[in-house]
Amino acid sequence: MGVAGKAVTDATFVSHVLQSDRPVLVDFWAEWCAPCKKVDPLLAEIAKEMGDKVEIVQVNIDENPETTRAYRVMSVPTLTIFKGGEPVSSVTGAKPKSALVNFIESAL
């Protein structure tokens, strides 16, 4: 994993996500999660196509329990868009690329 976006940790979440001056899509994922592995290459494509509009980062839930608990991530993959330091929209589960693009565009 880690193809789609830079890894963000409990220690760097505030600076990379909450203090970002542009929208950030956070991919909450886990190494053991099969659907996460399906979403990762789609997010990598979206990052190339929409990188000027949204930054894509990834949080490994097993390695970053504080952030995972803080945002009540109960299942993975969970994709949450943050704007101005606040979560504005979230979707859970593997989705086709078109649905992911629509989800991102609707939150921007």
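Position one of the sequence shown corresponds to residue 69 (my numbering), numbered consecutively onward.
All C-beta atoms in this analysis are idealised placements derived from N, C-alpha and C, irrespective of residue type, glycine included.
If you're wondering where the values come from, they're calculated on a predicted model, not measured in any experiment.
Buried or exposed by the 16-neighbour rule on C-beta atoms within 10 Å, applied to Asn128
buried
Look up Leu176 in the DSSP assignment and say whether it is helix, strand or coil.
coil
Between Gly161, Glu173, Ser174, Leu176, which lies nearest to Cys104 when the distance is taken from Cα to Cα?
Gly161
Simplified DSSP state of Asp108, which is helix, strand or coil
helix
Below 8 Å, how does it come out for the segment 164–171 and the segment 125–142: are there three or more Cβ pairs, yes or no?
no
Identify whether Met69 lies in helix, strand or coil by the three-state DSSP scheme.
Below a pLDDT of 50, predicted positions are generally treated as unreliable, and Met69, at 49, falls in that range; the measurement from the model is reported next regardless. Three-state DSSP puts Met69 in coil, outside helix and strand.
Taking the alpha carbon of Pro149 as the point to measure from, which residue in Val159, Ala79, Glu117, Asp78 has its own alpha carbon closest?
Per the sequence shown, the amino acid found at residue 149 is Ile instead of Pro. Per the Cα distances, Val159.
Reducing DSSP to helix, strand and coil, say where Thr136 ends up.
DSSP, read as helix, strand or coil, puts Thr136 in helix.
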